[in-house]
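Peer 1: This is the structure I want to talk about, given as structure tokens.
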Amino acid sequence: MEYSILVVATASDPAPLQFLAPYSGCAMGEYFRDNGMHALIIYYDLSKQAVAY
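Our numbering puts the first residue of the sequence shown at 1, with every later residue one more than the last.
Printed below as a string of structure tokens:
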């Protein structure tokens with residue numbers, strides 16, 4: 001995991017953090033993509049983000 005970034009928002013985190021975590025992870029992936037690097041984004045469960053919304 002030398003070149004890994006984890007963005008995690010658990011169910012016990014505040015709603016704004018749960019809402020923004022997927023967007024933040026996507027923005028980081030887009031940065032690497034735009035700079036010619038590889039990026040893999042995995043969304044485990046977006047139902048908590050939907051509830052936070």
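All residues carry an ideal CB built from backbone N, CA and C; glycine is no exception.
State buried or exposed for glycine 25, treating a residue as buried only when at least 16 other CB atoms are found within 10 Å of its CB.
Peer 2: Classified as buried, glycine 25 has 16 or more neighbouring CB atoms from the shown chains inside 10 Å of its CB.
Peer 1: Closer than 6 Å to a non-hydrogen atom of the ligand ATP - does that hold for the CB of serine 12?
Peer 2: The ligand ATP is not part of this structure, which contains no ligands at all.
Peer 1: Determine the closest residue to alanine 52 out of Thr10, Glu30 and Leu6, with distance taken between C-alpha atoms.
Peer 2: Thr10
Peer 1: Would you call the CB atoms of alanine 39 and glycine 29 closer than 7 Å?
Peer 2: yes
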